[in-house]
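There are 2 protein chains.
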Amino acid sequence: MTLRLCCAWIFILLIPSLSDGGKLLVVPMDGSHWLSMKPVVEKLTERGHEVVVVAPEVSWQVGKTEAYTVKTYPVSYTVEDLDNNFRDYLAVHLKDLPFPLNTLAMYNSSVHAFHIFLAQCKDLFRNKETLQYLNQSGFDAVLTDPILMCGATISKYLALPSVFFMRGFPCNLHYEAAQCPSPLSYAPRLFTFNSDRMTFFQRVENALVSLLEPVYCYGFYKEALAFSSEVLQRDVSLLDMFNSASIWLLRYDFVFEYVRPVMPNMVFIGGINCAEKKPLPKEFEAIVNASGEHGIVVFSLGSMVSEIPMKKAEEIADALGSVPQTVLWRYVGKSPHNLPKNVKLVKWLPQNDLLAHPKTRAFITHGGSHGIYEGICNAVPMVLMPLFGDQMDNAKQIESRGAGLTLNILEMTSQDISTALKAVINDKKYKENIKRLSELHLDRPIHPLDLAVHWVEFVMKHKGAPHLRPAAHDLNWIQYHSLDVIAFLLAVVLLSLFISLKCCLFCCRRCCSKKGRARKPTKAKSH
Amino acid sequence: MTLRLCCAWIFILLIPSLSDGGKLLVVPMDGSHWLSMKPVVEKLTERGHEVVVVAPEVSWQVGKTEAYTVKTYPVSYTVEDLDNNFRDYLAVHLKDLPFPLNTLAMYNSSVHAFHIFLAQCKDLFRNKETLQYLNQSGFDAVLTDPILMCGATISKYLALPSVFFMRGFPCNLHYEAAQCPSPLSYAPRLFTFNSDRMTFFQRVENALVSLLEPVYCYGFYKEALAFSSEVLQRDVSLLDMFNSASIWLLRYDFVFEYVRPVMPNMVFIGGINCAEKKPLPKEFEAIVNASGEHGIVVFSLGSMVSEIPMKKAEEIADALGSVPQTVLWRYVGKSPHNLPKNVKLVKWLPQNDLLAHPKTRAFITHGGSHGIYEGICNAVPMVLMPLFGDQMDNAKQIESRGAGLTLNILEMTSQDISTALKAVINDKKYKENIKRLSELHLDRPIHPLDLAVHWVEFVMKHKGAPHLRPAAHDLNWIQYHSLDVIAFLLAVVLLSLFISLKCCLFCCRRCCSKKGRARKPTKAKSH
Numbered sequence: 162m163t164l165r166l167c168c169a170w171i172f173i174l175l176i177p178s179l180s181d182g183g184k185l186l187v188v189p190m191d192g193s194h195w196l197s198m199k200p201v202v203e204k205l206t207e208r209g210h211e212v213v214v215v216a217p218e219v220s221w222q223v224g225k226t227e228a229y230t231v232k233t234y235p236v237s238y239t240v241e242d243l244d245n246n247f248r249d250y251l252a253v254h255l256k257d258l259p260f261p262l263n264t265l266a267m268y269n270s271s272v273h274a275f276h277i278f279l280a281q282c283k284d285l286f287r288n289k290e291t292l293q294y295l296n297q298s299g300f301d302a303v304l305t306d307p308i309l310m311c312g313a314t315i316s317k318y319l320a321l322p323s324v325f326f327m328r329g330f331p332c333n334l335h336y337e338a339a340q341c342p343s344p345l346s347y348a349p350r351l352f353t354f355n356s357d358r359m360t361f362f363q364r365v366e367n368a369l370v371s372l373l374e375p376v377y378c379y380g381f382y383k384e385a386l387a388f389s390s391e392v393l394q395r396d397v398s399l400l401d402m403f404n405s406a407s408i409w410l411l412r413y414d415f416v417f418e419y420v421r422p423v424m425p426n427m428v429f430i431g432g433i434n435c436a437e438k439k440p441l442p443k444e445f446e447a448i449v450n451a452s453g454e455h456g457i458v459v460f461s462l463g464s465m466v467s468e469i470p471m472k473k474a475e476e477i478a479d480a481l482g483s484v485p486q487t488v489l490w491r492y493v494g495k496s497p498h499n500l501p502k503n504v505k506l507v508k509w510l511p512q513n514d515l516l517a518h519p520k521t522r523a524f525i526t527h528g529g530s531h532g533i534y535e536g537i538c539n540a541v542p543m544v545l546m547p548l549f550g551d552q553m554d555n556a557k558q559i560e561s562r563g564a565g566l567t568l569n570i571l572e573m574t575s576q577d578i579s580t581a582l583k584a585v586i587n588d589k590k591y592k593e594n595i596k597r598l599s600e601l602h603l604d605r606p607i608h609p610l611d612l613a614v615h616w617v618e619f620v621m622k623h624k625g626a627p628h629l630r631p632a633a634h635d636l637n638w639i640q641y642h643s644l645d646v647i648a649f650l651l652a653v654v655l656l657s658l659f660i661s662l663k664c665c666l667f668c669c670r671r672c673c674s675k676k677g678r679a680r681k682p683t684k685a686k687s688h
Numbered sequence: 162m163t164l165r166l167c168c169a170w171i172f173i174l175l176i177p178s179l180s181d182g183g184k185l186l187v188v189p190m191d192g193s194h195w196l197s198m199k200p201v202v203e204k205l206t207e208r209g210h211e212v213v214v215v216a217p218e219v220s221w222q223v224g225k226t227e228a229y230t231v232k233t234y235p236v237s238y239t240v241e242d243l244d245n246n247f248r249d250y251l252a253v254h255l256k257d258l259p260f261p262l263n264t265l266a267m268y269n270s271s272v273h274a275f276h277i278f279l280a281q282c283k284d285l286f287r288n289k290e291t292l293q294y295l296n297q298s299g300f301d302a303v304l305t306d307p308i309l310m311c312g313a314t315i316s317k318y319l320a321l322p323s324v325f326f327m328r329g330f331p332c333n334l335h336y337e338a339a340q341c342p343s344p345l346s347y348a349p350r351l352f353t354f355n356s357d358r359m360t361f362f363q364r365v366e367n368a369l370v371s372l373l374e375p376v377y378c379y380g381f382y383k384e385a386l387a388f389s390s391e392v393l394q395r396d397v398s399l400l401d402m403f404n405s406a407s408i409w410l411l412r413y414d415f416v417f418e419y420v421r422p423v424m425p426n427m428v429f430i431g432g433i434n435c436a437e438k439k440p441l442p443k444e445f446e447a448i449v450n451a452s453g454e455h456g457i458v459v460f461s462l463g464s465m466v467s468e469i470p471m472k473k474a475e476e477i478a479d480a481l482g483s484v485p486q487t488v489l490w491r492y493v494g495k496s497p498h499n500l501p502k503n504v505k506l507v508k509w510l511p512q513n514d515l516l517a518h519p520k521t522r523a524f525i526t527h528g529g530s531h532g533i534y535e536g537i538c539n540a541v542p543m544v545l546m547p548l549f550g551d552q553m554d555n556a557k558q559i560e561s562r563g564a565g566l567t568l569n570i571l572e573m574t575s576q577d578i579s580t581a582l583k584a585v586i587n588d589k590k591y592k593e594n595i596k597r598l599s600e601l602h603l604d605r606p607i608h609p610l611d612l613a614v615h616w617v618e619f620v621m622k623h624k625g626a627p628h629l630r631p632a633a634h635d636l637n638w639i640q641y642h643s644l645d646v647i648a649f650l651l652a653v654v655l656l657s658l659f660i661s662l663k664c665c666l667f668c669c670r671r672c673c674s675k676k677g678r679a680r681k682p683t684k685a686k687s688h
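So the sequence lines, in the order shown, correspond to chains A and B. If you count by our numbering, then the first sequence holds residues 162 to 688, one letter each, in order. If you count by our numbering, then the second sequence holds residues 162 to 688, one letter each, in order.
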């Protein structure tokens, strides 16, 4: 009897979970992008949803867990191809070329690096078994990092509502596709390194960059667009591909990002990657404890960059020797010959747990958004050495908040690094500023992970979020900017003026002619 | 020993509450506006903050509880003056005047009604004891409904950060002051009754109304501005008064409001007034149970409107007799002689609890935002009889969502009311639409009350939210719209064109003159 009751109780408890459980397709982006999406996928699985991550057989990060289902498909490249592709991409960013050659080289390297991911998407759509599986699985929604367009193409191909999870497109597409105004006067464009407080010529630069954006973004996505058009059997534009997102989960927090207009279907989950502090592994605990009153400095150029040219490494090593702190440097390449005693090279480090340690005095980072949010969450002032992508803009944002100092990795000398590091460690204002940012960031009504999970579940449950879609999507450019209304009102005003003028002239003429006629007889009389 | 431990434990539990507790000044708006702010004030008090509501000795709603401290000040009017003032205001809205006389009459009545509230503010600043109390109390922040400007003036006078709690200003000031773009092409202005999907001429109307807004808003606030300038001892503009809000707690939810751009310091707490369902008082329970299979209709024109002209009341009574439902009508005036048997007049009704009852088939409402959100929360289709203020726009919004029907209270006949009521009760689409709105509205990551409380506490704790203030506040109109940048770029383009043209002409001239010289000798030879 007790067993029966117990079973009945379990059954009752299970019903809501099963009836609420949905089926989610995840189309991720490999590399560091996956790091913040992974906890969302794991939590959704934990909450009883059937979550399937569709991933290439060859990848850096995706698929190395059993916490969720991974559906792989064969690809036409190897992991060495992936590594070489990224190495070539990085190498261009470490070459000291003059402007505009550097910009052109970086742009070309981005387009080239993109090719391998496009090939991945083509491989997916070529694989009949995967396609059949996707078509027959009856998913409720797609969760994707849309930067490579493959997830957006799949969601359109399967006619499923989508949730976009990302930091942003390089050319403001996440705002444009969401119909969100971006005032050029205080919303700086990516790659300008401007803040939200711009001089006149910075605003001119911002306007020029915004004019160039459609050109370079189209160049970047040209082939991907052609492929999506082929898959969807109709011509699609960039905006077509991205304007159907039900919810934009943006890894933003305005303690770090510049304040600007947003849209109601944008949900801000910046800091989602900040994990709870876990105890340090023994070997790291020992190093930290041995660091004495000076504490430690954490140094990592991110999960993707393991080594840098030897000359740079030597310069950095030289500078690190000038501080009394113990420096934990994540570095896979050959050890610099001048490595000082206070620097420990490690192949991997528990970054968040080290940053959370009270003995950590500074964080030397490449300025990737994940690392920056970990720095903010744990209130550690930063020295930033941006390498590629949005990193220079991120670094400038932290600098503009007074919470760190930025170095140009191509031009920095050993002295520059040493000065910057000493400043963020010893000048109290950096610690105070990052502490304030941290307090503001962590004082939130709901954790970003719960927020992200809520909105993915919302889209799965309600088959999208059409009530958050602005009517602006149904307007053309002229209507959106009210140019037709302005033209009409101007025409009315001008016509009214013209008619009034004509009436006045007519009246004047009548008066004059009357006067004239009235005078003529007088004249005649006077004659 | 046990008692000691217990006391120590209580003490430990109390410490965070006391140390976290702040001091909040609340400057409310009387009438229905207070209904949704009250739970926030109560919850903040519950959470250990010292909350002081500063209110006039004479008021409709504020101060009738012991859940928080009320600091009253004497005023120069009586409650009868308040009642008469509102009665005059309402009477104008029930007069059937032709356009534009009706608009002018309504505008004048609003300005007139505003005077008594301005007098209230003047009484506050005249009362030395109250002023001294405010100056010496060391508040952390001000929570206010800013529509009457008194709360904004006090927060500026005391140099305190402020949280604005409201539905919105009549002339888009809540967007303008927050530097939020309002595209005229799909963000309809109040009093146009347009939706976000407008025809060309509706967009023209929207543009014209937006041009008129500064005029009528200035007229409305002229005297209040002069008074604020006197108090603050400097000339202040409307935007000066409202652009310093740290957080805008807007009673918005996009299942009901039209989707449009917003700002990061806007927090949406629509539906905050929907209380949890409580059991019905016995007399109402009996009426509802006796209604049989047909159920009931809830009818209220809001907490402010207790009676309407007898002719209207008779028309309505006549229509209510045409449905088989029992109608619970909140009505204080003289009973219409033709009151049908199925209609029960009551002086007060538990609106939310009645709407939450499964036997409720429809809700006849004036379209105040509180009632509408209760209708949405409880998924009851509505017949809307808007009277004044934003009610017509609210009603049109519900109608555009297919969740109700709007009647013009001046023109409606008994037949119109009957047809509309029967439609929302019997046509399933209204129930389905409001059910969908309700599901979307209630599927939120955090309750609006908790969200409001969080952000008030945030502002108290961090002395504002300067990280959410856009840099646009530091730009003038020309800079904000990049007009200087456009002029500069145009000048550069024109100058470049001019120089290119001059160069071309110069080259052409040189070529021609060379040819001319080359030809001349030939000509000479031929001669």
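From the three backbone atoms N, C-alpha and C, an ideal C-beta is built for every residue, glycine too.
Beta-bridge analysis with DSSP links A/Leu-566 to A/Val-544.
B/Gly-532 is the residue among B/Lys-592, B/Gly-532 and B/Ile-433 whose C-alpha sits nearest the C-alpha of B/Ser-464. The alpha-carbon separation between A/Asp-635 and A/Leu-393 amounts to approximately 21 Å. Nearest to B/Pro-497 by alpha-carbon distance, out of B/Leu-516, B/Leu-515 and B/Pro-470, is B/Pro-470. Taking all protein chains shown into account, A/Thr-239 has fewer than 16 neighbouring C-beta atoms within 10 Å of its C-beta and is therefore exposed. By the Cβ neighbour-count rule, A/Lys-502 is exposed, with fewer than 16 other Cβ atoms within 10 Å of its own. One Cα belongs to B/His-623, the other to B/His-518, and the distance between them is close to 43 Å.
Per DSSP, A/Leu-506 is one residue of the beta strand (DSSP E) stretching across 504 to 507.
Beta-bridge pairing by DSSP links A/Thr-305 to A/Val-188 and A/Phe-325. The Cβ neighbour count for B/Gly-453, taken over all protein chains shown within 10 Å, is under 16; the residue is labelled exposed.
Cβ contact annotation for B/Ser-579 (same chain, cutoff 6 Å, sequence separation greater than five): Ala-480 and Ser-483, in chain order. With a contact defined as Cβ atoms closer than 8 Å, A/Ser-298 and A/Lys-439 miss out at about 35 Å. Rounded to the nearest whole angstrom, the CA to CA distance from A/Met-424 to A/Ala-339 is 7 Å.
Taking each of B/Asp-611, B/Glu-444 and B/Trp-616 in turn and checking the Cα distance to B/Lys-204, the smallest one comes out for B/Asp-611. In the DSSP assignment, B/Phe-330 is bridged to no other residue.
Identification of chain A residues near B/Asp-604 by a Cβ-Cβ cut-off of 9 Å yields His-615, Glu-618, Phe-619, Lys-622 and His-623, ordered along the chain. The beta-carbon of A/Arg-358 is placed less than 9 Å from the nearest beta-carbon of chain B. Relative to A/Arg-421, the option among A/Ala-556, A/His-455, A/Tyr-347 and A/Gly-494 whose CA is nearest is A/Tyr-347. The beta carbon of B/Leu-510 lies closer than 8 Å to those of Phe-445, Val-459, Ser-461, Leu-489 and Arg-491 in the same chain, with the five residues before and after it left out. Scanning chain A for C-beta atoms nearer than 8 Å to the C-beta of B/Leu-651 yields nothing, as the closest lies near 11 Å away. Under the Cβ criterion of 9 Å, B/Tyr-641 is counted among the residues facing chain A.
The beta carbons of A/Tyr-268 and A/Phe-381 sit closer together than 9 Å. Under the Cβ distance rule, B/Tyr-534 does not count among the residues neighbouring chain A, no pair being separated by less than 9 Å. A/Ala-581 and A/Val-201 have their C-alpha atoms some 36 Å from each other. In terms of Cα proximity to A/Ser-561, the closest of A/Ser-356, A/Phe-325 and A/Leu-255 is A/Ser-356. When beta bridges are read from the DSSP output, A/Lys-232 appears opposite A/Val-215. Following the DSSP letters along the chain, one finds B/Val-488 inside the beta strand (DSSP E) bounded by residues 487 to 491.
Residues of chain A whose Cβ lies closer than 8 Å to the Cβ of B/Val-365 are, in chain order, Val-646, Phe-649 and Leu-650. Nearest in C-alpha terms to B/Ile-586, of all of B/Ala-385, B/Ala-274, B/His-628 and B/Ala-564, is B/Ala-564. Residue range 521 to 526 is occupied by the beta strand (DSSP E) that includes A/Ile-525. In the three-state reduction of the DSSP assignment, A/Val-484 falls in the coil class, being assigned neither a helical nor a strand state.
The C-beta distance from A/Leu-258 to A/Met-327 rounds to 29 Å, too long to meet the 8 Å contact threshold.
Residues of chain A whose Cβ lies closer than 9 Å to the Cβ of B/Asp-635 are, in chain order, Tyr-347 and Arg-358.
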